[in-house]
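In what follows, a single structure is set out as structure tokens and then discussed.
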Ligand SMILES: [Zn+2]
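Numbering (my numbering), first residue to last: 40 to 391.
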């Protein structure tokens, strides 16, 4: 990859709007956890070897990483640490605004869902003093866990939002797209809208025209992936037209889609179609730890694959401010950061 483009992408102030907390945990943090976790009966040498041994992970190894992370994030103190580390990673990658998403989780005898949420929110609050980054929380509803749990998690999110209106801003709908009927979840998602949440919905990760139509009818603030909407990717002309007319911003995660084989390769990613017609899009990492990527890498891959110059990369980042769930005041602050940065590098005429 062109070094000057990578260097530009690293320095460019960026917004990350599609990051799952657990999948974003770095190998370094996992190795630290494996050394400090007091969890007898687990062979941490094997875990260390596994983490260090697979840098360019296969899909199978990625799934193994998810279950490994799940088995290690079992207490509020661990959640505080991983949240802090993930925020630090993003800040170190030039991310100035981050929306982290996570499903409330309880671990019998160790952590309640409330404690899980509080741990994340606490770390987000602490990060304000530590890093030059604004961080928000999106509460995830996992379709795999069913409607009762979705209702319970929305209730938790409402309480957390009331106590932390500056941090808890959105609801995410995610999980295995092959499980659960969208009709069952629509009342919960509508209730979230009425409760003042912005919605970020994983959409069309597999071809499913009817479900995609119903999600678009909900008019969420953002869509995750929207992979199988274009006729070339298992969608249809009608569905594509509906998406384009909706102008709903789409969160695009290039590496994640290629690694999980929902998209054949970077060249065939629907970034191309959406970017060319000026549809609102924002680049995201999805699970930067598991997929061994960073937001700078994603910008760089987009630049290389779709021949974007530095001005276009800057514009991509600048436009994504419009799609953040942040307040107008925070958006103005972000616009100033991006404009000042551009003026600064233009003034210096050379980016190294
Ligand atoms: Zn995702």
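Every residue gets a Cβ at the ideal spot worked out from N, C-alpha and C, and that includes glycine.
When only Cα atoms are considered, residue 246 and residue 214 end up about 15 Å apart.
For a cut-off of 8 Å, the C-beta gap from residue 135 to residue 53 is around 7 Å, short enough to register as a contact. Those residues that have a beta carbon less than 6 Å away from any non-hydrogen atom of ligand 1 are, in order along the chain, 57, 59, 213, 241, 263 and 325.
Beta-bridge pairing by DSSP links residue 173 to 136. The beta carbons of residue 230 and residue 263 sit about 20 Å from each other, so the pair does not count as a contact at 8 Å.
Burial of residue 357 is indicated by the presence of at least 16 other C-beta atoms within 10 angstroms of its C-beta.
The alpha-carbon of residue 327 is positioned some 30 Å away from that of residue 234. Within 10 angstroms of the beta-carbon of residue 204 lie fewer than 16 other beta-carbons, which makes it exposed.
Here DSSP, grouped into helix, strand and coil, assigns residue 131 to helix. When DSSP states are grouped into helix, strand and coil, residue 109 belongs to the helix group. Residue 53 is bridged by DSSP to 134.
Linking residue 280 to residue 363 through their CA atoms gives a straight-line distance of about 24 Å. The secondary-structure analysis by DSSP pairs residue 263 across a beta bridge with 241 and 290. Between the C-alpha atoms of residue 160 and residue 189 there is a straight-line separation of about 20 Å.
Boundaries of the alpha helix (DSSP H) around residue 359: 349-359.
Under the three-state reduction of DSSP output, residue 209 falls in the strand class. DSSP links residue 376 through a beta bridge to no other residue.
Judged by their CB atoms, residue 196 and residue 207 are nearer to each other than the 8 Å cut-off.
Shown here, residue 269 sits in coil according to DSSP, grouped into three states, outside any helix or strand. Nearest to residue 372 by alpha-carbon distance, out of 172, 218, 95 and 153, is 172.
Beta-bridge pairing by DSSP links residue 189 to no other residue. When secondary structure is reduced to three states using DSSP, residue 320 falls in the strand class. By the beta-carbon neighbour count (other beta carbons within 10 angstroms, threshold 16), residue 226 is exposed.
Residue 244 holds the alpha-carbon nearest to the alpha-carbon of residue 273 among 244, 343 and 132. The continuous alpha helix (DSSP H) containing residue 232 extends over residues 221-233.
Shown here, residue 179 sits in a strand according to DSSP, grouped into three states.
The segment 287-305 makes contact with the segment 328-345: 3 or more CB pairs, one atom from each, lie closer than 8 Å. Ranking 209, 306 and 72 by CA distance to the CA of residue 261 puts 209 first. Residue 184 sits in a helix when the DSSP states are folded into three classes. In this structure, the CA atom of residue 137 is about 30 Å from the CA atom of residue 147. Nearest to residue 300 by alpha-carbon distance, out of 99, 73, 59 and 43, is 99. Residue pairing for residue 58: DSSP places it in a beta bridge opposite 139 and 325. With a cutoff of 8 Å on beta-carbon distance, residue 133 and residue 50 are scored as near each other. When secondary structure is reduced to three states using DSSP, residue 121 falls in the helix class.
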